[in-house]
Amino acid sequence: MSNEETINTLEKAHLDFISTVSHELRTPLTSIRGFADTLLSSYDRLTPEQRNKFLHIIKDQSNRLINLVENLLTVSKMQSNKDLMVYKMTDVVPFVDSSIQMVKNQYKTHKYIFNYEKNLPKILIDTDKFQQIMLNLIDNASKYSHDGSTVTVNIGQNFKNNTLNISVKDEGIGINQEDIKKIFNKFSRIDSPLTRKIQGNGLGLYITKTLTEKMNGKIDVKSSDKGSEFTVTFNAANPDDDAIKKIKE
Ligand code: ADP
């Protein structure tokens, strides 16, 4: 590709990005302004239930905007070289456990099962980034499944490959094979009547995959109409090993 073609492609990607972000910002902002206008102009004519409903919509849409802006900041940090990783040999169990507890608070009817083997090795990770990965996967498993269903998180060691495998399994709506290829792309959401009802901006799995790979890990997904299972795999080698030395540099 010539220099000029490269610049054109970059410019197009940049413009597409701005257009997607603007659209993502406009939808909740329009809704917030609309409901705020109605509350201001017709407050006395609305029933207390209507006022309450409109205020809840304003709050939900504001949360949607906050999530979007936080995800955009993460993406921009990841893409610049300012996102320094702080590696530490870590026992991941407490981090997975606290991620489950945080998500659990928002999904009162879901059940959460956490299985892990005894004497798991510590692994070299950035704990904040690791927690972000876990929160994204457990939150997705919860929001793309029905009330009352079970989310199961497993941590196991693969001695043959010397890896630690953490999987998050749900009984939710599933992802068809064609769509699996797209879900890790920026702003990619599966367009179906079920996903349309669920709030999201399509950045979570892009961030999850990028952070996992930055820590030399990998992410896999299996899915059927009975649910999905996302697995992240990290090196469980001794820090003296070459692979770990590489990640530390
Ligand atoms: P978001 O959830 O904000 O839309 P993500 O990047 O986390 O964005 O996920 C991308 C898309 O992948 C989602 O919109 C959804 O269609 C699909 N998806 C992700 N996780 C699951 C899951 N556990 N079950 C079913 N679909 C999922």
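Each residue of the sequence shown is one higher than the last, beginning at 314 in my numbering.
Glycine included, C-beta positions come from ideal geometry on N, C-alpha and C.
The structure displayed is predicted, hence computed values, not measured ones.
When the five nearest sequence neighbours on each side are left out, the beta carbons in the same chain lying within less than 8 Å of the beta carbon of Ile-426 are those of Thr-463, Val-464, Thr-465, Val-466, in order along the chain.
C-alpha of Ser-389 to C-alpha of Phe-497: approximately 16 Å in a straight line. In terms of CA proximity to Ala-550, Leu-477 leads the group Phe-500, Leu-477, Glu-318, Glu-324. Val-545 sits buried, since 16 or more C-beta atoms from the chains shown fall within 10 Å of its C-beta. Asn-453 is the residue among Asn-453, Ser-480, Thr-351, Asn-548 whose C-alpha sits nearest the C-alpha of Tyr-420.
Apart from the 5 residues on each side of it in sequence, Met-447 sits with its Cβ closer than 7 Å to the Cβ of Phe-408, Val-409, Ser-412 in its chain, given in chain order. Contact check for Val-481 against Ile-451 passes: the beta carbons are separated by less than 7 Å. When the beta-carbon positions are compared, Met-528 and Ile-468 stay at least 7 Å from each other.
Going by C-alpha positions, Leu-524 is about 11 Å away from Gln-392.
Bounds of the alpha helix (DSSP H) holding Glu-318 are 316 to 355. Excluding its 5 nearest sequence neighbours in each direction, Arg-377 has C-beta neighbours in its own chain below 6 Å: Pro-341, Gln-512, listed in chain order. Contact annotation: Ile-486 and Leu-507 have beta-carbon atoms nearer than 7 Å. In the structure shown, Gly-517 falls within a helical segment according to DSSP collapsed to helix, strand and coil. By the Cβ neighbour-count rule, Thr-387 is buried, with 16 or more other Cβ atoms within 10 Å of its own.
For Ile-426, the secondary structure class from DSSP, reduced to helix, strand or coil, is strand. Boundaries of the beta strand (DSSP E) harbouring Asn-471: 463 to 471, taken from the DSSP string. Listed as beta-bridge partners of Val-545 by DSSP are Ile-479, Ile-532. In the structure shown, Ile-511 adopts coil according to DSSP, grouped into three states. When secondary structure is reduced to three states using DSSP, Lys-372 falls in the helix class. Shown here, Met-402 sits in a strand according to DSSP, grouped into three states. Within the DSSP bridge table, the entry for Ile-379 names no partner. Under DSSP, Ile-438 takes part in a beta bridge, and its partners are Lys-401.
Straight-line measurement puts the Cα of Asp-492 at about 10 Å from the Cα of Asp-504. Taking each of Ser-541, Arg-358, Leu-516, Asp-538 in turn and checking the Cα distance to Asn-380, the smallest one comes out for Leu-516. By the Cβ neighbour-count rule, Lys-456 is buried, with 16 or more other Cβ atoms within 10 Å of its own. Set against 6 Å, the gap from the CB of Leu-448 to the closest heavy atom of ligand 1 is not smaller. Between Phe-367 and Leu-352, the CB-CB gap stays under 7 Å.
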